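In our numbering, the protein residues as written are 70 to 372.
Cβ atoms here follow ideal geometry from the backbone N, Cα and C, with glycine treated the same way.
The structure presented is a predicted model; accordingly, all values stated were derived computationally and were not measured.
Structure first, then comments.
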């Protein structure tokens, strides 16, 4: 049986020239704010699919395009936020990307239809957001978002310096107040999200660390109980899947970003990935129903 290759995004992922575009910057003034955190650049980011000293994607395919080896960008990233953050109130965030000498990086390649994917998750894993900052030039990206509760948040900034390997930088935000909640681990595989029923199927009853796993999201319209007729591509693919390992603190090593396989049956979104270590993982699958993004979240226990 022909092995289905994964489209797992890891640090050394290379996008071929035919599916990337370069954007150059123009000078823009800095905005007022307080630097909250700067990432610690690594030679390569282990996004959960390789061992810490392995920088290459073990799978030979990303989004249906062949890969070549690209050098790491070794970029540094700084997050800037306003002096005061209020819950459920729009907050302006700025992310500055520089090289090892402190110079702004000005050219970036587009991948999955965007220059940057920003994943925002609360430390208790109860809130999740996948947003796309706008490039303002001179290495700066800006976006507005809000935080629904007090406590700590981790931001995974996923971007690609022009001609370099994809990089994920981890940044932190602390929202004033006390959040005493702990992650609610629910291993149910049948759930309803708005007008969409979702059933998660795994290729094996017990997930083993380091083994390739086939994940199937079987979607049904909650009213008709039939496969949705309005599924559309999201960021150029059938769906996207973000996976985080329960860990404190969260780092880029806990982050997996998988992409849907092509040519699957109606109403089914398939992914292939690996879980690098035993533990509890939370997954957020995202799908597009006629312009509305459905986010289906599940916990899995990896042995």
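Rounded to whole angstroms, the separation of the alpha carbons of residue 346 and residue 209 is 34 Å. Between residue 141 and residue 236, the gap from beta carbon to beta carbon is short of 8 Å.
Taking each of 265, 199, 217 in turn and checking the Cα distance to residue 245, the smallest one comes out for 217. Going by DSSP, residue 292 is part of no beta strand (DSSP E) at all; its letter is neither H nor E. Residue 321 sits in a helix when the DSSP states are folded into three classes. Annotated three-state conformation of residue 249 is coil, per DSSP. With 16 or more other Cβ atoms from the protein chains shown falling within 10 Å of its own Cβ, residue 308 counts as buried. In this structure, the straight-line span from the alpha carbon of residue 154 to that of residue 304 is close to 30 Å. Taking 8 Å as the upper bound for CB-CB distance, residue 274 and residue 335 are not in contact here, some 26 Å apart. In this structure, 341 is the residue among 139, 341, 286, 151 with its C-alpha nearest to the C-alpha of residue 280. By the neighbour-count criterion, in which 16 or more other beta carbons inside 10 Å mark a residue as buried, residue 220 falls on the buried side. DSSP, read as helix, strand or coil, puts residue 362 in strand. Leaving aside the five residues that flank residue 292 on each side, the residues in its chain whose CB is nearer than 7 Å to its CB run, in chain order, 264. The alpha-carbon separation between residue 163 and residue 182 amounts to approximately 20 Å.
If the five residues before and after residue 159 are omitted, its C-beta is found closer than 8 Å to the C-beta atoms of 213, 214, 215, all from its own chain and listed in chain order. Straight through space, the alpha carbons of residue 328 and residue 227 are spaced by roughly 14 Å.
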